[in-house]
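To start, the structure itself, in structure tokens.
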Amino acid sequence: MTRNELYKFIEGILVEKFEVEKSKISMGANLYEHLEIDSIDAVDLVVHLKEFTGKKIQPEQFKEVRTVEDVIEAIMTL
Amino acid sequence: MKQKLNHIWRLFGTALSFFLFGLGGLLMGLLLFPALFLFIKDPTRRQTFARAWLGRAFSLFIAIMKNLGVLSYSIRGLENLPVPANSIIVANHPTLIDVVFLISLFPEADCVIKSNLWRNPFTRFVVSAANHIPNDDGAGLLQTSTERLRSGGTLNLFPEGTRSTPGRELRFKPGAAAIALRAGAKLLPVLISCRPMTLTKGESWYHIPEHKPFFEFDIFAVMDPSDLVGTSMKPREKEKALNRAMQQFFREHVQD
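Keeping their order, the protein sequence lines are chains A and B. If you read the first sequence in numbering that gives the first Met the number 0, its first letter stands for residue 0, the second for the next number, and so on. If you read the second sequence in numbering that gives the first Met the number 0, its first letter stands for residue 0, the second for the next number, and so on.
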């Protein structure tokens with residue numbers, strides 16, 4: 000799985016499930032501030048990412064996550 | 000002069016209350032609750048016993064504080080009890096001792112509690128015997144709460160997630176609404192007010208108010224989330240709408 004595939008997946012989830020406008024999404028976009036993702040959305044996003052990647056994601060690993068890039072980095076280092 | 004004396008007495012009473020709470024907590028946390036693990040092997044029975052004990056201990060603590068003259072209270076809406084199965088008891092959270100009242104009123108309900116209490120030697124046996132829900136893992140918290148409600152449980156929740164900030168409009172986190180809709184649960188609003196305000200976030204115990212604080216608990220009739228939000232919405236939209244509706248309900252009723 001490449002960073003690019005992961006980005007496309009996250010973008011897809013944000014657009015379809017969380018109704019974020021595609022044009023707002025970028026690597027540096029802050030999930031909570033720019034994309035209006037709340038704590039429940041973040042939990043749901045992690046569930047989707049777990050299913051997609053098949054990796055175990057611990058909540059601590061997501062504590063510091065702010066941007067789309069942070070999400071990708073957090074998953075790539077697993 | 001009389002007021003001055005009353006102030007000194009309440010300061011003493013408050014100190015004594017905190018001391019007794021600590022002492023009781025110590026005895027229960029290090030003796031009674033660890034003993035429960037030895038003598039009651041069945042987790043369900045242990046949970047029932049632990050929660051009943053906590054409820055009684057907190058009721059006793061409230062009676063002590065009332066008799067010491069450090070607070071008074073009134074509870075309205077008792078006719079709306081018992082809490083039906085699969086309901087969330089939703090309360091605002093102005094002061095430190097709201098939870099003491101709520102546990103004494105609803106001892107059987109699940110509570111969401113800071114996860115570090117499971118690691119603290121004084122509290123770990125209490126929270127694990129009572130089998131409450133730790134707050135650390137978002138997905139786990141959502142799932143556990145939903146499952147317990149679906150299996151007929153009741154859940155105490157402060158949707159603010161922490162004590163209210165005095166002077167600021169109360170703000171609900173989206174979790175309570177999400178849990179309610181995912182579990183298909185009903186809502187039992189409990190409105191808490193305290194005048195004069197005391198033991199707010201960041202306030203030390205010895206900053207006691209000028210007059211004896213009076214706590215009011217208003218237990219409302221059970222509400223069905225589907226009466227609060229449109230049924231045609233998508234699930235996510237519905238959760239956000241329910242959160243706004245609940246927040247609005249509390250904002251309208253809370254007076255500061």
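Where is the CB? At the ideal position from N, CA and C, for every residue including glycine. Only a predicted model underlies this, so the values are computations on that prediction, with no experimental measurement involved.
Checklist entry - Hey, is proline 173/B's beta-carbon within less than 8 Å of any beta-carbon in chain A? => result Residue numbering aside, residue 173/B sits at position 174 when the second sequence is read from its first letter. It does; some Cβ of chain A falls within 8 Å.
Item to check | First through last residue of the alpha helix (DSSP H) which encompasses threonine 47/B | outcome: For the purposes of this step, residue 47/B is identified with residue 48 of the second sequence, where counting begins at 1. Where threonine 47/B is concerned, the enclosing alpha helix (DSSP H) stretches over 42-67.
Checklist entry - By the 10 Å Cβ neighbour count, where 16 or more other Cβ atoms means buried, how is leucine 4/B classified, buried or exposed? => result In the second sequence, counting from the first residue as 1, residue 4/B sits at position 5. Counting of Cβ neighbours within 10 angstroms places leucine 4/B among the exposed residues, the total staying below 16.
Item to check | Closer than 8 Å at the beta carbon, the chain A residues around glycine 12/B | outcome: Indexing the second sequence from 1 puts residue 12/B at position 13. Ordered by position in chain A, no residue passes the 8 Å Cβ test against glycine 12/B, which lies about 39 Å from the chain.
Checklist entry - Since isoleucine 74/A sits in a beta bridge, which residues does DSSP pair it with? => result The sequence position of residue 74/A within the first sequence is 75, counting from 1. DSSP lists no partner for isoleucine 74/A.
Item to check | Selection of the segment 220-241 of chain B by Cβ proximity to chain A, strictly under 9 Å | outcome: Cβ contacts with chain A come from Lys233, Arg235, Glu236, Glu238, Lys239.
Checklist entry - Would you call glycine 152/B buried or exposed, if buried means 16 or more other Cβ atoms sit within 10 Å of its Cβ? => result Within the second sequence, the letter at position 153 stands for residue 152/B. By the 10 Å Cβ count, glycine 152/B comes out buried.
Next on the checklist: Going residue by residue through the segment 78-121 of chain B, where are the continuous beta strand (DSSP E) segments of at least 3 residues, counting only ones entirely within it?
Outcome noted: DSSP runs (the beta strand (DSSP E)) wholly in the segment 78-121 of chain B: 86-90, 109-112.
Next on the checklist: Taking the beta strand (DSSP E) that phenylalanine 214/B belongs to, which residues open and close that run?
Outcome noted: As a working note, residue 214/B is residue 215 in the second sequence. First-last of the beta strand (DSSP E) with phenylalanine 214/B: 213-218.
Item to check | Exposure of alanine 128/B, with buried meaning 16 or more beta-carbon neighbours within 10 Å | outcome: For the purposes of this step, residue 128/B is taken as the residue at position 129 of the second sequence. By the 10 Å Cβ count, alanine 128/B comes out buried.
Next on the checklist: Counting only beta-carbon separations shorter than 8 Å, does glycine 137/B have a partner in chain A?
Outcome noted: Taking the first residue of the second sequence as position 1, residue 137/B is located at position 138. Between glycine 137/B and chain A, the shortest Cβ-Cβ separation is below 8 Å.
Item to check | Classification of asparagine 66/B by the beta-carbon crowding that lies within 10 angstroms, buried from 16 upward | outcome: Within the second sequence, the letter at position 67 stands for residue 66/B. It is exposed - the Cβ of asparagine 66/B has fewer than 16 other Cβ atoms within 10 Å.
Item to check | Chain-ordered chain A contacts of leucine 141/B [CB-CB under 8 Å] | outcome: Locating residue 141/B in the second sequence gives position 142, counting from the first residue. By Cβ distance, chain A contributes Ile39, Val42.
Checklist entry - Whose CA, out of Ile87/B, Lys172/B, Ser71/B, lies closest to the CA of isoleucine 36/A? => result If you number the first sequence from 1, residue 36/A lands on position 37. For isoleucine 36/A, the nearest C-alpha among the options comes from Lys172/B.
Checklist entry - Considering only C-alpha positions, which residue in the set Phe214/B, Pro208/B, Val82/B is nearest to isoleucine 74/B? => result On the second sequence, position 75 is the one that residue 74/B refers to. The residue among Phe214/B, Pro208/B, Val82/B with its C-alpha nearest the C-alpha of isoleucine 74/B is Phe214/B.
Checklist entry - What first and last residue would you give for the alpha helix (DSSP H) that runs through tyrosine 6/A? => result Counted from its first residue, the first sequence places residue 6/A at position 7. 2-15 is the extent of the alpha helix (DSSP H) around tyrosine 6/A.
Checklist entry - Counting contacts by CB-CB distance shorter than 8 Å, is phenylalanine 17/A in contact with chain B? => result Along the first sequence, read from residue 1 onward, the residue named residue 17/A stands at position 18. Yes, its Cβ sits closer than 8 Å to a Cβ of chain B.
Item to check | Nonlocal neighbours in the same chain, by C-beta distance under 8 Å from tyrosine 205/B, ignoring five residues either side | outcome: Taking the first residue of the second sequence as 1, we reach residue 205/B at position 206. Once the five neighbours on either side are set aside, the close Cβ partners of tyrosine 205/B are Leu10, Thr13, Ala14.
Next on the checklist: Is the separation between the beta-carbon of leucine 190/B and that of aspartate 223/B shorter than 8 Å?
Outcome noted: As a position in the second sequence, residue 190/B is number 191, starting the count at 1. As a position in the second sequence, residue 223/B is number 224, starting the count at 1. Their beta carbons are not under 8 Å apart, which means leucine 190/B does not touch aspartate 223/B by this criterion.
Item to check | Under 8 Å by beta carbon: chain A residues contacting alanine 62/B | outcome: Within the second sequence, the letter at position 63 stands for residue 62/B. One finds nothing in chain A with a Cβ atom closer than 8 Å to the Cβ of alanine 62/B; even the nearest lies about 38 Å away.
Checklist entry - Looking at the unbroken beta strand (DSSP E) that takes in lysine 185/B, where does it start and where does it end? => result In the second sequence, the residue the question calls residue 185/B occupies position 186. In the DSSP annotation of this structure, the continuous segment of the beta strand (DSSP E) that includes lysine 185/B starts and ends at 185-194.
Next on the checklist: Can you tell me whether leucine 35/B is helix, strand or coil according to DSSP?
Outcome noted: The residue you call residue 35/B lines up with position 36 of the second sequence. DSSP places leucine 35/B in helix when its eight states are reduced to three.
Item to check | Cβ neighbour criterion (16 or more within 10 Å) applied to threonine 76/A | outcome: Residue 76/A sits at position 77 when you count from the first residue of the first sequence. So threonine 76/A counts as exposed.
Checklist entry - Taking any Cβ of chain A, which residues in the segment 175-203 of chain B have a Cβ under 7 Å from it, in chain order? => result Those would be Ala177, in chain order.
Checklist entry - Considering threonine 197/B, what are the terminal residues of the alpha helix (DSSP H) in which it resides? => result Counted from its first residue, the second sequence places residue 197/B at position 198. Neither: threonine 197/B is in no alpha helix (DSSP H) and is coded neither H nor E.
Checklist entry - Once you ignore the five residues that flank glutamate 10/A on each side, which residues in its own chain have a CB closer than 6 Å to its CB? => result Position 11 of the first sequence, counted from the start, is the residue given in the question as residue 10/A. Spatial neighbours of glutamate 10/A in its own chain (CB-CB distance under 6 Å, excluding positions within 5 residues in sequence) are listed in chain order as Ile24.
Checklist entry - Would phenylalanine 17/B be called buried (16 or more neighbouring beta carbons within 10 Å of its own) or exposed? => result Within the second sequence, residue 17/B is the residue found at index 18, counting from 1. Result: exposed.
Checklist entry - Do the CB positions of glycine 24/B and phenylalanine 105/B come within less than 8 Å of each other? => result Taking the first residue of the second sequence as 1, we reach residue 24/B at position 25. Taking the first residue of the second sequence as 1, we reach residue 105/B at position 106. If you check the CB distance, glycine 24/B and phenylalanine 105/B do not come in under 8 Å.
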